[in-house]
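In our numbering, the protein residues as written are 682 to 961.
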């Protein structure tokens, strides 16, 4: 298994360069084809009075701004692909706003992997809901590019955030091309339960054995949260082992519960210090 069709979902000219760089780095290793996608949001003008008409000049300005953004995103994508001489294509969709555009989702469903920028509430870029739509609707692994300024680097160490759920199990096997290429893979469990069937020290050991048959050099470890959030523990552990990628399941709990009470998925969408591969 390898990633041959790589979709890069691009929001702004700023994140387009960063996400495209990661997509191209992956395509160089796999001989893959990169599809750059941008969803141009429709112009929506809020009216206050029942009989009020939108100002045509205001509508025109909003349309021009959206089109300028689309052109800037396309230029950032095309210039990098042509510089690196990578097989690529560009797709622009206009319709429902954000990643929920039907064209974006349909394109993502036909990909081996989808790349997008990390959610940042302080910057103009993808909203959390956009990323959630990709996770819930595409059915494909989602590689979120960290907001850290560093560009793509070879991923030599991978941290698997293991909790035994269906979601992380899928993420692990979706991430096999990264795991087989890595020098080290750590299967890391936080606060694993002690059961009559298995000591907490061996949580993830069976997964490590399965991965070893694929040639993956995996070790098993665990840690205690000690009052810290799971996201903080994962970020700290990733820094400790110099991981270049975190692999995790997305939304083991319901999306509503995560929105109401917070959760690991939402926190790492925003705060992960390295790229994160999520599956659901």
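Ideal Cβ positions, reconstructed from N, Cα and C, are used throughout, including at glycine.
Proximity of residue i and residue j at Cβ, strictly below 8 Å
| i | j | result |
| --- | --- | --- |
| residue 859 | residue 840 | no |
| residue 770 | residue 751 | no |
| residue 833 | residue 855 | no |
| residue 905 | residue 949 | no |
| residue 793 | residue 705 | no |
| residue 924 | residue 851 | no |
| residue 797 | residue 773 | no |
| residue 685 | residue 713 | yes |
| residue 916 | residue 953 | yes |
| residue 871 | residue 914 | yes |
| residue 853 | residue 815 | no |
| residue 885 | residue 897 | no |
| residue 801 | residue 828 | yes |
| residue 709 | residue 767 | yes |
| residue 951 | residue 930 | no |
| residue 819 | residue 847 | no |
| residue 783 | residue 701 | no |
| residue 836 | residue 926 | yes |
Helix, strand or coil at residue i [DSSP, three-state]
| i | result |
| --- | --- |
| residue 719 | strand |
| residue 741 | helix |
| residue 708 | helix |
| residue 960 | strand |
| residue 756 | helix |
| residue 907 | coil |
| residue 751 | helix |
| residue 962 | What the structure shows of the chain is the stretch from 682 to 961, and residue 962 is not part of that stretch, so it cannot be assessed. |
| residue 955 | coil |
| residue 896 | coil |
| residue 940 | Here the model assigns residue 940 a pLDDT of 48, short of 50, so the residue's position is not dependable and the matter cannot be decided. |
| residue 728 | With a pLDDT of 49 at residue 728, under the threshold of 50, the predicted position of this residue should be treated as unreliable, and no value is reported. |
Bounding residues of the alpha helix (DSSP H) (the contiguous stretch that carries residue i)
| i | result |
| --- | --- |
| residue 890 | 886-893 |
| residue 947 | 945-952 |
| residue 900 | Looking at the DSSP string, residue 900 is not in any alpha helix (DSSP H); the run it does join, the beta strand (DSSP E), is 899-904. |
| residue 918 | 911-921 |
Residue range of the beta strand (DSSP E) that includes residue i
| i | result |
| --- | --- |
| residue 862 | Residue 862 -> not in any beta strand (DSSP E); alpha helix (DSSP H) instead, spanning 857-862. |
| residue 926 | 926-930 |
| residue 865 | 865-871 |
For residue i: DSSP bridge partner residues
| i | result |
| --- | --- |
| residue 714 | 686 |
Proximity test, Cβ basis, 8 Å: residue i and chain B
| i | result |
| --- | --- |
| residue 920 | Looking at the structure shown, chain B is missing, and only one protein chain is on hand. |
Note down, one range per segment and in chain order, each alpha helix (DSSP H) of at least 4 residues found wholly within the segment 766-854.
-> Secondary structure within the segment 766-854: the alpha helix (DSSP H) runs of 4 or more consecutive residues, fully enclosed, are 783-790, 809-819 (chain order).
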